[in-house]
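Mapping of the sequence shown onto the UniProt record's numbering: position 68 corresponds to residue 68, and the numbering continues sequentially without gaps. All residues carry an ideal CB built from backbone N, CA and C; glycine is no exception.
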Amino acid sequence: MTGLDHEKQTLVEIAVILTDKDLNIIAEGPDIVINQPEEVLDNMEDWSRKTFAENGLLSKIRESKIDMKQAEDMDSSRFLIVLVAILDFLANETVKQACPLAGNSVHLDRRFIAKYMPRLDKHLHYRIVDVSTIKELAARWYPKEFKKAPLKRQTHRALDDIRESIEELRYYRSSIFHQ
1 MTGLDHEKQT LVEIAVILTD KDLNIIAEGP DIVINQPEEV LDNMEDWSRK TFAENGLLSK
61 IRESKIDMKQ AEDMDSSRFL IVLVAILDFL ANETVKQACP LAGNSVHLDR RFIAKYMPRL
121 DKHLHYRIVD VSTIKELAAR WYPKEFKKAP LKRQTHRALD DIRESIEELR YYRSSIFHQ
């Protein structure tokens, strides 16, 4: 995302990893970088601009052949093919409206998905699993366990963020939610 406001900012990268109920990775979906015109990049929030320049995503955004104009057009564009690939991937691997979105601060992701990818939004369950909420609760109620949580690399790339969220949730499950 070029920023936090789904009304003013837009998507720049989409990735999917599916896990089972025990957080074992079942499948990795596509990782797609979306081209944005320079005027959109010029309006990117400062944090995003700095981070994406440092992690190489800004260059990949400029190089990408998939753009939002194609997405909005929804003809047989490359983006539609990618969107269909994501939806097909999820349709083959999950039950419609039974698959929760999970990760850190995914309520924000969900807003962007609802705006830019309504078909994907309809496929997902209305519930979300927000790892950042669990992290906040652990910090308050289980500070010893919280301090031992795995460190994040903070690359702020979609697949890396998903993998780190899965690892973090596994840690909290084993250290706090153990039986």
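*Determine, using beta-carbon pairs with one atom in the stretch 140-147 and one in the stretch 37-44, whether at least three such pairs fall under 8 Å.*
no
*Measure the alpha-carbon distance for T155 versus E45 and round it to whole angstroms.*
17 Å
*Could you name the residues that DSSP lists as bridge partners for N104?*
Answer is none; N104 lacks a bridge partner.
*R127 by DSSP, collapsed to three states: which one?*
strand
*What separation, rounded to the nearest whole angstrom, lies between the Cα atoms of A158 and A102?*
13 Å
*For A98, which residues of its own chain have a beta-carbon under 6 Å away from its beta-carbon, when the five flanking residues on both sides are left out?*
H125
*asked:* Between I17 and chain B, is the shortest Cβ-Cβ distance under 7 Å, so that the two count as touching?
replied: Of the protein chains in the structure, only one exists, and it is not chain B.
*Answer with buried or exposed for H107, where buried requires no fewer than 16 other C-beta atoms within 10 angstroms of its C-beta.*
exposed
_V12 vs I61 beta-carbon contact at 7 Å_ = yes
_Outcome for G56 when other beta-carbon atoms lying within 10 angstroms are tallied against a minimum of 16_ = exposed
*In this structure, does DSSP put A114 in helix, strand or coil?*
helix
*Report whether the distance from the Cβ of A138 to the nearest heavy atom of the ligand SAM is below 6 Å.*
For the structure depicted, the ligand SAM is absent and the ligand set is empty, with no information on it obtainable.
*Inside the stretch 127-160 only - alpha helix (DSSP H) runs reaching at least 4 residues*: 131-141, 143-147
_Enclosing beta strand (DSSP E) for A15 [first to last residue]_ = 13-19
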